[in-house]
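Residue numbers (my numbering): 66 to 342.
We put the CB at the ideal spot given by N, CA and C, even for glycine.
One structure below.
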């Protein structure tokens, strides 16, 4: 049985006391999983992340970390376990140099100086940022800034990593590099949660997807299952990933083996079709 590291049950949160940004959201996170969070702008994804990270406190509802109840006084435990990378790197970066930026979090934990230095060096090495350590972050490219923000949370040694639309503003090369970093983080055993509007990426990358709508989680499960729920897709104004759509059209015409699962990549589909020749 998979280990649940975080459980949210019936979370409610309002920024203005009138309209709920979260309206009874419930979701489990499993240790070591890759979870893609989908939904339109305003569906509650970012608010849910901020509650999970401890930045926001739900107005109502229950949160458990490793099976233990998290109240207002325990919010610090969430911050120490779950790190968040914001969509806009400039909203996260505050220091005058890359090294100072990455050291900010560990220093706030009041760690010994040697421990802070060790964490910073590891994070800079991991994200290939050593050549930029003395550079002002505002001089870096969008992709380089994104790597700095990831280094920020690596230095905190969080094991639950939240990414709010990490591919936004990245060019194709930057997206490819980001995905390689995500794969490495997953291989290291971290739990990764990513909000995205890229259905093709979500299908290819995620073990599981969760769909938010109007502050609630309408569905959570295997990508193939959720994306094939046509009523859900219509209700949430999402579209199935192109690869899955093409696969299902080919399967309906008898071009793929009966009972075959849709591959995650175009190369996988090509190989599957090649075996049928």
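Distance between beta carbons of residue j and residue i, contact taken as under 8 Å
i           : j           : result
residue 114 : residue 224 : That pair is no contact at about 16 Å.
residue 94  : residue 103 : That belief does not hold up - the Cβ atoms of residue 94 and residue 103 are roughly 15 Å apart, past 8 Å.
residue 428 : residue 236 : This structure cannot speak to residue 428, because the chain is shown only from 66 to 342.
residue 232 : residue 219 : Not quite, the Cβ-Cβ distance comes to about 19 Å (not below 8 Å), so this is no contact.
residue 71  : residue 121 : Contact doesn't hold; Cβ gap of about 15 Å is too wide.
residue 166 : residue 213 : 6 Å
residue 320 : residue 306 : Going by Cβ atoms, the distance from residue 320 to residue 306 rounds to 18 Å, so no, they are not a contact pair.
Simplified DSSP assignment, three categories, for residue i
i           : result
residue 296 : helix
residue 80  : coil
residue 226 : strand
residue 272 : coil
residue 260 : strand
residue 278 : strand
residue 128 : strand
residue 342 : Residue confidence for residue 342 is low, a pLDDT of 49 falling below 50, so the modelled location carries little weight; the figure read from the coordinates is stated next. Looking at residue 342 - three-state DSSP - the assignment turns out to be coil, as it is neither helix nor strand.
residue 327 : coil
residue 286 : strand
residue 322 : coil
residue 99  : strand
residue 86  : strand
residue 133 : strand
residue 120 : coil
residue 108 : coil
residue 344 : Within the shown structure, residues of the chain are numbered from 66 to 342, placing residue 344 beyond reach of any answer.
residue 75  : strand
residue 148 : strand
residue 115 : helix
Euclidean distance between Cα positions of residue i and residue j
i           : j           : result
residue 158 : residue 300 : 37 Å
residue 338 : residue 226 : 37 Å
residue 136 : residue 331 : 46 Å
residue 74  : residue 215 : 28 Å
residue 257 : residue 314 : 31 Å
residue 312 : residue 265 : 13 Å
residue 323 : residue 316 : 8 Å
residue 90  : residue 309 : 28 Å
residue 274 : residue 186 : 34 Å
residue 325 : residue 105 : 31 Å
residue 139 : residue 334 : 47 Å
residue 328 : residue 296 : 23 Å
residue 107 : residue 78  : 13 Å
Where residue i falls, given that 16 or more other Cβ within 10 Å makes a residue buried
i           : result
residue 217 : buried
residue 83  : exposed
residue 188 : buried
residue 123 : buried
residue 281 : buried
- Query: For the segment 199-206 against the segment 152-168, are there 3 or more C-beta pairs whose distance is under 8 Å?
  - Reply: yes
- Query: Using 8 Å as the threshold, is the segment 121-137 in touch with the segment 162-179, meaning 3 or more CB pairs across them?
  - Reply: no
- Just checking, does the segment 289-308 make contact with the segment 110-129 on the three C-beta pairs under 8 Å criterion? no
- Given 8 Å as the limit, is there contact between the segment 180-190 and the segment 141-149, that is, 3 or more CB pairs closer than that? no
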